[in-house]
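Colleague: Chains as they are written, first to last, in this note's numbering: chain P, 5 to 190; chain E, 5 to 190. Here's a structure for you.
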DNA sequence: CTATAAGTAGACAGGTCTGTATCGTTTGTC
DNA sequence: GACAAACGATACAGACCTGTCTACTTATAG
């Protein structure tokens, strides 16, 4: 493997393990074993495990939002339909075998101190999601785009939590139905 | 302190620490130090830390639902208003200094294996919450009580997640508004 | 080709984790 | 008041944690 790609691969593997087992439960030894690199290499790229976690969250944030944008744009062209399409993306995520709840909410739970860089990365991700929803709401010419965005965000979070615990991807469809009802006439 | 109360106090302290720092981050040494008991005593009552966590979740579940019922019954007598009142209870919780997200969602994140007793306790709690919401929905004579209950549950989860990350208790009021809109005409 | 940077392997330090063993003390009960 | 159960204090085992250090190897750029 090319050297420039080693760091990427490391982040990818770490993301997978943190997502599945949690940030405390997945140790550095396990990450390097799974990634097939030496511990020295990890600590050359990241000065600490927390540093790695922040990098992982940044990566997951980028991937998540890129994937969301792409899937939404592909499945709908009409602005209002795009908003509803975000819930379909959610459902696909829930139905996948690698869904263990929102990695950002997990991080916020395990690093509950708001001053922690990990927590701040979570806040950043959620704000970017709200910003994206607001962009969609503006496109659909909803009356109060920011308020609509917060509503969509709240429904996304609710669906994710329900899907994680109850284990049914249909929570996304429920949230979609609620969104359709509540956003139309505001 | 009376001996029969020691166990209760231990569970109480453990609940507080797990809620604030997370289940992995808060070790048994810290729990016993804060509770003022010996490690021997803890392991006489619980055969493992996981066992303690399950006991904590059971306790928190009972307290949470008792508190919800009591507060709802006190603030509203009309069935439909009781449903809306659940969101006020949520807001009070969010505004408190001891709010660090839902302890059950945190547990589900840290013990993601569905076969784990900890996870199953989380599932039980959420099912009981849905059952309570369904009871309220039935009282309010909503058309589809179970569906309404799931909607209320989803909104509760969404509000909790938003409040945890964004840090604004008003997420509960937002969820309340959505509930009022979407549940009335179904 | 050669210098330099990055990689591997693995021991190791120092701390923390869960859980157990020992033993003296306190407390509730009969 | 005596006895048994529970508790406190503490040392300890053994595993695992993050992070560092050394020594050797490989790959890349000039």
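Each residue gets a CB set at the ideal place from its N, CA and C atoms; glycine is no exception.
In chain order, which beta strand (DSSP E) runs of at least 3 residues are fully inside the stretch 103–171 of chain P?
Modeller: Counting only runs of 3 or more, we get nothing.
Colleague: Do the stretch 49–66 of chain P and the stretch 8–19 of chain P meet, that is, are 3 or more Cβ pairs less than 8 Å apart?
Modeller: yes
Colleague: Three-state secondary structure (DSSP) at residue 79 of chain P?
Modeller: helix
Colleague: Would you mind telling me which residues of chain P sit closer than 7 Å to residue 168 of chain E, beta carbon to beta carbon, in chain order?
Modeller: 112
Colleague: Helix, strand or coil for residue 41 of chain P, going by three-state DSSP, please let me know.
Modeller: coil
Colleague: Are the Cβ atoms of residue 257 of chain E and residue 166 of chain E separated by less than 9 Å?
Modeller: No answer is possible for residue 257 of chain E: it lies beyond the span of chain E, which begins at 5 and ends at 190.
Colleague: Are any of the Cβ atoms in chain E nearer than 9 Å to that of residue 161 of chain P?
Modeller: yes
Colleague: So what does DSSP say about residue 98 of chain E, is it helix, strand or coil?
Modeller: helix
Colleague: Out of E/137, E/160 and E/25, which one is the CA nearest neighbour of residue 95 of chain E?
Modeller: E/160
Colleague: In the DSSP assignment, find the alpha helix (DSSP H) that holds residue 185 of chain P and state where it starts and stops.
Modeller: 175–188
Colleague: Using the C-alpha atoms, what's the distance from residue 37 of chain P back to residue 66 of chain E?
Modeller: 42 Å
Colleague: Does chain E have any CB closer than 9 Å to the CB of residue 73 of chain P?
Modeller: no
Colleague: Taking 9 Å as the CB-CB cut-off, is residue 136 of chain P touching chain E?
Modeller: no
Colleague: Going by beta carbon distance, what residues of the same chain come within less than 7 Å of residue 41 of chain E, once the five residues before and after it are set aside?
Modeller: Cβ within range, chain order: 10 and 14.
Colleague: What is the DSSP secondary structure of residue 50 of chain E, reduced to helix, strand or coil?
Modeller: coil
Colleague: Quick check: the Cα distance between residue 182 of chain E and residue 21 of chain P, rounded to an integer number of angstroms?
Modeller: 36 Å
Colleague: Is it the case that the Cβ atoms of residue 169 of chain P and residue 108 of chain E are separated by a distance below 9 Å?
Modeller: For residue 169 of chain P and residue 108 of chain E, yes; Cβs fall inside 9 Å.
Colleague: Under 6 Å Cβ to Cβ from residue 84 of chain P, same chain only, skipping five residues before and after it: list those, please.
Modeller: 144
Colleague: Excluding five sequence neighbours on each side, which residues of the same chain lie with their C-beta closer than 8 Å to the C-beta of residue 190 of chain P?
Modeller: Because the pLDDT at residue 190 of chain P is just 49, under 50, the model does not fix this residue reliably, and the value given afterwards should be weighed accordingly. Excluding positions up to five away in sequence, the list reads 146, 147, 148, 151 and 152.
Colleague: Kindly list, in the order they appear in chain E, the residues whose Cβ is closer than 8 Å to that of residue 89 of chain P.
Modeller: Under the 8 Å cutoff, chain E gives no residues; its nearest Cβ is about 19 Å from residue 89 of chain P.
Colleague: Chain E beta carbons: is any one of them nearer than 9 Å to that of residue 28 of chain P?
Modeller: yes
Colleague: So, for residue 137 of chain P: in the same chain, excluding its five sequence neighbours on each side, which residues have a beta-carbon less than 7 Å away from its beta-carbon?
Modeller: 153, 156 and 157
Colleague: Pick out whichever of P/44, P/187, P/180 and P/186 has its Cα sitting closest to the Cα of residue 91 of chain P.
Modeller: P/180
Colleague: Whose Cβ in chain E lies nearer than 7 Å to the Cβ of residue 154 of chain P?
Modeller: The answer, in chain order, is 178.
Colleague: CB-CB under 7 Å to residue 134 of chain P, same chain, minus the five flanking residues each way: which ones, in chain order?
Modeller: 153, 154 and 157
Colleague: CA-CA distance, residue 93 of chain P and residue 72 of chain P?
Modeller: 7 Å
Colleague: What's the C-alpha gap between residue 173 of chain E and residue 81 of chain E?
Modeller: 24 Å
Colleague: Closer than 8 Å by beta-carbon distance: list the chain P residues that pair up with residue 25 of chain E, in chain order.
Modeller: 116
Colleague: Mind listing the chain E neighbours of residue 104 of chain P? Cutoff is C-beta to C-beta under 7 Å, in chain order.
Modeller: 116
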